[in-house]
Amino acid sequence: MACHNAEDNNISRKSDIKRILLMGNPNVGKSVVFSRLTGVHVIASNYPGTTVGYTSGFMKLGEKEAEVVDVPGTYTLEPTSEAEEIALKMLNSGDLVINVVDATNLERNLNLTLQLLEKGTPMIVALNMWDDVGHRGIHIDVGRLEELLGVPVIPTVAITGQGIKELVESVSRASSPHLPPSGHDERWVKIGNIIDQVQQVTHRHHTWLEHLEDASVRPLTGSLIALAVLAGTFLVVRFIGEGLIGYVFDPLFENLWTPVISILSSLLGGSGFLHSTLIGSIVNGEVNYVESFGLLTTGLYVPVAMVLPYIVSFYLMLGLLEDIGYLPRLAILMDTVMHRLGLHGYAIIPTLLGLGCNVPAVLATRILESKRERFIAATLISIAVPCAALQAMVFGLVGERGGQYVAMVYGTLFVVWIILGFILNRLVKGFSPELLIEIPPYRLPLWQTVLQKLWMRARGFLREAVPIILAAVLVINILYTLGVFDAIANFTAPVITGLLGLPKEAVVALVIGFLRKDVAIGMLAPLALTAEQLVVGSVVLAMFFPCMATFVVLLRELGIFGLLKAAGIMVTVALLVGGLLNLIL
Amino acid sequence: MSDKKLVTLRQMQSGQSGKVIQVQGGMGLANRLSALGVRPGKKITKVSSMLMRGPVTIQSGNTRMAIGFGMANKIIVEIEES
């Protein structure tokens, strides 16, 4: 009977819980715990600041569902930064806090734990990275820690799922010991006492990973490692990307899809509106997947066979670097250079994300502290950092004419990145703060998590890009039929032909670039451009204006005035650089 | 014979350890550093520093962090010299 009552109590307790907050220091594995609890997969990486917005999902608690919120990491609740203010606000909206703690950094993590306990929200502690504790020579007395904190403490290894079941079961035991608020120094004294009672550290020698960690942040060895990592990444991305195109996707389209298209083409009578919309124009007597521009030809071939292979290869390598924990080391090495551009080293992380897609890159600029840095970083990314979709098309189309032309596109964008950053650093008011970041330890990535993340990103691309690409191809066909593009082309001819030296029809690509950059570059293909014109066209398209999706996040992150300023810079710089290239080449 | 000597984090040699004595400048920096575990009384080890006024990397407990050159100049550390 007593047992029955206890269970009743648990259920009634559980049903009161509507909102669970996952809180903790940066890079302790909150997002992994979140995925485990809710089944909602979010991007998790081995560096502080991966989660910039907040994600929520649902988990089953007894009979009911509770919302789980993955709160961006904070070191303290004393509102010293924007992220901390947000965390503090969110804390008041939650019924339960799961404080995720890095067991290998207990002392520092307890600072937030005690502050959370002072706020009085019922809480449980997930002592995460428990598998790492042993080989770091750390021993933690979990039972004693539980007694001292007055809340359940559950050792977990979120990445393998160990301890998650126990964590969920302990929700009903959550409590709030109502610690009195304490001052800064007083709290550190308390933490010192707790650590003395629960933790023992034995000395041990450096592992090979730790020797590699040291070497990665020394000037000489660090630079050599960085060069090797970047060059290796580039080569592997190209190798896998080209391999997928040459051995998987091209044969698939040629052998399976082309016969279908041929039959469909003759069924549709070889011409007419429906034919040109679905299949497109016939080039030299046959369907050309790049130039025909039909929904079922170019509309499918561009995203699936030209861009997807590079999305897969790029995100595979990025995911590996993220999970190993290399990126913050690159930030340290790049810090001095980045200061010249008005940024600090950590801005290299959004910049690298931008080589995949500008949308998450602009969002990731939130890891930078000041508004000024965020403006400079977002502007530089949307102008001079080409996304993977655009790069794939540059490799595909410009690469055909010779590697030196691809190098010209990249070289120009890199020089623009440096010079524009230098100028913005001089012109934009305010100052950029110095680097102060925690460097995560190197971890050997788990294949399942790397592939899981890759799958999420590739699926995201297919879901978001394919509909827009198909819509773009459809719009292009309709507007062509209506003759709208001719009117625009004639109107803009002085700039396009006079300044950039491109045929006036190239303006269509610039307009479509607002929808998707990959299709836009594809539109240069049927124009019979010289290699030099292709270089000019690709560079201008990369810089001119961000795609719609990037435009929306820029508006959200920079505000309308920031966006207008950034857009003004984009158009000016694109025309200037395009004009210069036209003169030089 | 060992001698105690006060230096800034910037002046420390790579590989050298010492005890944090003071963080100069405003409370802002002191608070941010203490949240990361660097506060007076803590032992830290300098791992490396980048050339050309680049950031300094240190280890404190199991935490590693990179600290900008200017900030490193404001952290006073007591080292033992033999």
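For the record, the sequence lines run as chains A and B. Each residue of the first sequence is one higher than the one before, counting from 7 in my numbering. Each residue of the second sequence is one higher than the one before, counting from 14 in my numbering. The beta-carbon is built from N, C-alpha and C at its ideal position, and this holds for glycine as well.
C-beta atoms of residue i and residue j nearer than 8 angstroms
| i | j | result |
| --- | --- | --- |
| S544/A | V415/A | yes |
| L46/B | I89/B | no |
| L561/A | G59/A | no |
| I445/A | A79/B | yes |
| V296/A | G30/A | no |
| N496/A | V542/A | no |
| L273/A | I285/A | no |
| F551/A | V577/A | yes |
| Y321/A | G362/A | yes |
| L97/A | L27/A | yes |
| I317/A | F467/A | yes |
Own chain partners of residue i with C-beta closer than 7 angstroms, once the 5 adjacent residues on each side are dropped
| i | result |
| --- | --- |
| E538/A | L591 |
| T76/B | L49, G50 |
| V207/A | G143, I144 |
| L426/A | L386, I389, A390, V579 |
| D14/A | Here D14/A scores only 39 on pLDDT, less than 50, and its place in the model is too uncertain to base an answer on. |
| L218/A | Y448 |
| D341/A | H350, G351, L441 |
| G38/B | K87 |
| S99/A | R25 |
| Q418/A | Here residue 418/A turns out to be Thr, not Gln, going by the sequence shown. Closer than 7 angstroms at Cβ, skipping near neighbours: V545, V583, L587. |
| V107/A | G30, V34, N115, T119, V131, A132, L133, N134 |
| I502/A | L508, K510, A512, V513 |
| V289/A | E297, S298 |
| Y332/A | V235 |
| I231/A | A221, S222 |
Same chain only: Cβ atoms within 8 angstroms of residue i, ignoring 5 sequence neighbours per side
| i | result |
| --- | --- |
| S61/B | S27, V69, T70 |
| N11/A | Per-residue confidence for N11/A stands at a pLDDT of 41, beneath the threshold of 50, marking its modelled position as unreliable; the derived number appears in the next sentence. Same-chain partners within the cutoff: there are none. |
| D524/A | V308, P309, M312, V313, A395, L396, A398, M399, A471, I475 |
| N117/A | Y81, T82, R193, W194, I197 |
| A383/A | L349, A353, P356, T357, T371, L374 |
| R380/A | T371, R372, L374, E563, L564 |
| G167/A | R42 |
Given residue i as reference, the closest of the options once Cα atoms are compared
| i | options | result |
| --- | --- | --- |
| P186/A | T213/A, G167/A, V235/A, L122/A | L122/A |
| P500/A | M340/A, K510/A, F557/A | K510/A |
| E375/A | A367/A, L349/A, L386/A | L349/A |
| G83/B | D16/B, G74/B, M63/B | M63/B |
| G140/A | K125/A, E153/A, P161/A, V157/A | P161/A |
| L480/A | D147/A, F557/A, V421/A, R522/A | R522/A |
| G630/A | A109/A, I130/A, V289/A, W461/A | Outside the shown range of chain A, which is 7 to 591, sits residue 630/A, and nothing can be said about it. |
| V103/A | S271/A, P158/A, R150/A | P158/A |
| S282/A | N111/A, G300/A, G466/A, V266/A | G300/A |
| Q72/B | M65/B, R66/B, T58/B, G81/B | T58/B |
| G149/A | L333/A, I200/A, I330/A | I200/A |
| G405/A | I484/A, H212/A, L488/A, A531/A | A531/A |
| G585/A | N290/A, M549/A, L43/A | M549/A |
| V204/A | L94/A, A534/A, G402/A, D147/A | D147/A |
| K171/A | G489/A, R378/A, L43/A | L43/A |
Residues of its chain near residue i, where Cβ-Cβ distance is below 6 angstroms and the 5 sequence neighbours each way are ignored
| i | result |
| --- | --- |
| K32/B | K56, E91 |
| M344/A | H350, G351, A353 |
| S287/A | S298 |
| G325/A | V456, K459, L460 |
| I184/A | Checking the sequence shown, residue 184/A turns out to be His, not Ile. Around H184/A: G126. |
| L581/A | none |
| I246/A | S319 |
| A8/A | Reliability of the predicted coordinates at A8/A is poor, the pLDDT of 39 falling under 50, and no value is obtained from them. |
| I17/A | The pLDDT assigned to I17/A is 39, lower than 50, so where the model puts this residue is not dependable, and the model offers no usable value. |
| P54/A | P32, N33, E444 |
| E90/A | T80 |
Cβ separation of residue i and residue j, assumed to be a contact under 8 angstroms, to the nearest whole Å
| i | j | result |
| --- | --- | --- |
| I482/A | I518/A | 6 angstroms |
| V74/A | A164/A | About 13 angstroms separates the two Cβ atoms, so there is no contact after all. |
| N134/A | V48/A | About 16 angstroms; that fails the 8 angstroms criterion. |
| I338/A | N52/A | The Cβ separation is near 15 angstroms, so there is no contact. |
| V559/A | V365/A | 5 angstroms |
| R346/A | N431/A | 7 angstroms |
| L547/A | A526/A | 5 angstroms |
Going along the chain, which unbroken runs of the alpha helix (DSSP H) with 4 or more residues stay wholly within the segment 231-317 of chain A?
-> Runs found: 264-273, 279-284, 304-307.
Could you tell me which uninterrupted alpha helix (DSSP H) segments, each at least 4 residues in length, are contained entirely in the segment 116-180 of chain A, listed from first to last along the chain?
-> 136-141, 148-155, 170-175
With a floor of 4 residues, list each alpha helix (DSSP H) that falls wholly inside the segment 460-501 of chain A, ordered by position along the chain.
-> 490-499
Can you list, in chain order, the stretches of the alpha helix (DSSP H) that have 4 or more residues and sit fully within the segment 30-115 of chain A?
-> 36-44, 88-97
What beta strand (DSSP E) runs, 3 residues minimum, are completely inside the segment 429-457 of chain A?
-> List check, beta strand (DSSP E) in window: 442-445.
May I ask you to list, following chain order, the residues of the segment 68-83 of chain B that have a beta carbon less than 8 angstroms from some beta carbon of chain D?
-> Included in the structure are the protein chains A and B, with no chain D among them.
What alpha helix (DSSP H) runs, 4 residues minimum, are completely inside the segment 327-363 of chain A?
-> 333-346, 354-360
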